[in-house]
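J.: Shown below is the structure under consideration.
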Amino acid sequence: MDHFYVVRFNKWKRWLIVLIFALFTATFLWFESEGELSVFSMDEPVAMTKGNADESNIALTFNISWGEEKVHAILKQLEQKEVQATFFVSGEWAERHPKILEKITKAEHELGMLGYRYESYLDQEIDQVRKDLLHAKEVFKKNGYKDIEMLRPPSGKFNKEIIELAEQLGFTVIHWNVNPSDWKNPGTKKIENTVMKQTSNGDIILMHASDSVKQTADSLKTILPGLMNKGFTFVTISELVNQAHSKSKIVE
555 MDHFYVVRFN KWKRWLIVLI FALFTATFLW FESEGELSVF SMDEPVAMTK
605 GNADESNIAL TFNISWGEEK VHAILKQLEQ KEVQATFFVS GEWAERHPKI
655 LEKITKAEHE LGMLGYRYES YLDQEIDQVR KDLLHAKEVF KKNGYKDIEM
705 LRPPSGKFNK EIIELAEQLG FTVIHWNVNP SDWKNPGTKK IENTVMKQTS
755 NGDIILMHAS DSVKQTADSL KTILPGLMNK GFTFVTISEL VNQAHSKSKI
805 VE
């Protein structure tokens with residue numbers, strides 16, 4: 555005859571176990587609004603998604619991987635409002651458009667990179683990712699930009715292994731936490747409303763300056779003064795990183 559042993563707990567003990575498990579889970583895991591899994595860790599390599607929530611500084615970032623037309627209107631808006639931004643560009647784009655890259659840096663905007671080819675790192679072997687990063691690094695160096703230390707993986711897709719590789723090569727991985735999806739051209743008002751409503755202290759805003767965007771420059775006419783009127787100060791990513799108590803997390 556088989557014997558089954560059942561452990562019976564008092565009601566309060568069962569609730570205690572549930573509470574402890576819930577607290578453990580909440581400490582290490584949570585899901586982003588878009589369903590991405592994130593993990594807190596003080597001992598793991600991290601991707602920066604937000605600066606100091608106690609400071610009113612925010613960072614406006616632009617990705618560029620192709621095209622040469624839309625970026626000029628965006629630069630004009632930034633110049634008129636005296637806003638410094640951080641531009642993440644692919645090495646392939648930098649090779650094709652050195653004069654535009656020079657225009658960006660002469661306007662005292664900061665440079666980060668998107669690797670060389672704008673292709674998801676999650677679809678590549680880690681050795682391929684390494685080659686892409688080293689090639690991009692060499693391209694920027696040959697063009698006079700040898701101190702590129704910030705990396706935004708293509709499409710914002712990465713994992714722990716990619717973050718570890720990036721850190722080994724001297725990069726800090728930069729993500730974001732405000733994304734109006736301007737590349738989808740959802741309408742100027744929708745872009746404006748998303749950024750204005752979602753932005754808070756320390757946030758990193760993702761926008762684009764490739765030729766796919768048709769409404770971004772116009773949306774900046776409202777976004778830039780609007781956020782400044784709310785008391786926010788635009789800074790570069792490196793300034794945000796250097797702030798004391800900046801918060802980072804791994805996004806997988």
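In this note's numbering, the protein residues as written are 555 to 806.
Glycine included, every Cβ here is placed at the ideal spot set by N, Cα and C.
In this structure, how does DSSP classify ASP757 when only helix, strand and coil are distinguished?
T.: strand
J.: Go ahead and label ALA607 buried or exposed: buried means 16 or more other beta carbons lie within 10 angstroms of its beta carbon, across all protein chains shown.
T.: Classification for ALA607: exposed.
J.: Which residues does DSSP pair with HIS762 in a beta bridge?
T.: ASN617
J.: How long is the line joining the alpha carbons of GLY645 and LYS784, rounded to whole angstroms?
T.: 36 Å
J.: Kindly list the residues whose CB is nearer than 7 Å to the CB of VAL693, restricted to its own chain and excluding five residues on each side of it in sequence; keep chain order.
T.: GLY645, ALA648, GLU649, TYR670
J.: What's the call for PRO779, buried or exposed, on a 16-neighbour Cβ count within 10 Å?
T.: exposed
J.: Pull up the distance between the alpha-carbon of ALA690 and that of VAL643, whole angstroms please.
T.: 10 Å
J.: With GLY666 as the anchor, note down where its alpha helix (DSSP H) starts and where it stops.
T.: Unbroken run through GLY666 is the beta strand (DSSP E), 664–667; no alpha helix (DSSP H).
J.: Which runs of the beta strand (DSSP E) at least 3 residues long sit entirely within the segment 682–763? Give them in chain order.
T.: Whole beta strand (DSSP E) segments, 3+ residues: 726–728, 758–762.
J.: Are the CB atoms of ASN617 and HIS729 within a distance shorter than 8 Å?
T.: no
J.: Give the single residue among ILE745, LYS775, VAL732 whose Cα lies nearest to the Cα of ASN755.
T.: Out of ILE745, LYS775, VAL732, VAL732 has the C-alpha closest to the C-alpha of ASN755.
J.: In angstroms with no decimal places, state the Cα-to-Cα distance between VAL767 and PHE788.
T.: 22 Å
J.: Based on Cα-Cα distance, which residue from PHE641, LYS744, LYS660 lies nearest to THR615?
T.: PHE641
J.: Can you give the Cα-Cα distance for THR659 and LEU665, rounded to whole angstroms?
T.: 7 Å
J.: Assuming ALA661 contacts ILE791 under a Cβ cut-off of 8 Å, what Cβ separation, rounded to an integer in Å, is found between them?
T.: Actually they are not in contact, since the Cβ atoms of ALA661 and ILE791 sit about 16 Å apart, beyond 8 Å.
J.: Enumerate in chain order the residues of its own chain whose CB-to-CB distance from SER709 is below 6 Å, with the five nearest sequence positions on each side excluded.
T.: SER674
J.: Mind checking SER735: buried by the 16 CB within 10 Å criterion, or exposed?
T.: exposed
J.: What does the Cβ neighbour count give for LEU688, buried or exposed, with the cut at 16 atoms within 10 Å?
T.: exposed
J.: Below 7 Å CB to CB, which residues in the same chain sit around SER619 once its five sequence neighbours on both sides are set aside?
T.: Residues SER644, TRP647, LEU668, TYR672, SER764 of the same chain have their beta carbon placed closer than 7 Å to that of SER619, with the five preceding and five following residues left out of the count.
J.: Express the C-alpha separation of GLU622 and TRP737 in angstroms, rounding to a whole number.
T.: 15 Å
J.: In angstroms with no decimal places, state the Cα-to-Cα distance between THR753 and ILE759.
T.: 8 Å
J.: Give me the residue from HIS651, PRO652, ASN611 with the minimum Cα distance to GLN638.
T.: ASN611
J.: Mind checking whether GLN769 and ASN739 have CB atoms under 8 Å apart?
T.: Closer than 8 Å, so yes.
J.: Excluding sequence positions up to five away, which residues of its chain have a Cβ less than 6 Å from the Cβ of LEU655?
T.: ALA648
J.: Assuming THR659 is part of the alpha helix (DSSP H), what are its boundary residues?
T.: 652–660
J.: Going by the beta-carbon positions, is the gap between MET602 and THR726 smaller than 8 Å?
T.: yes
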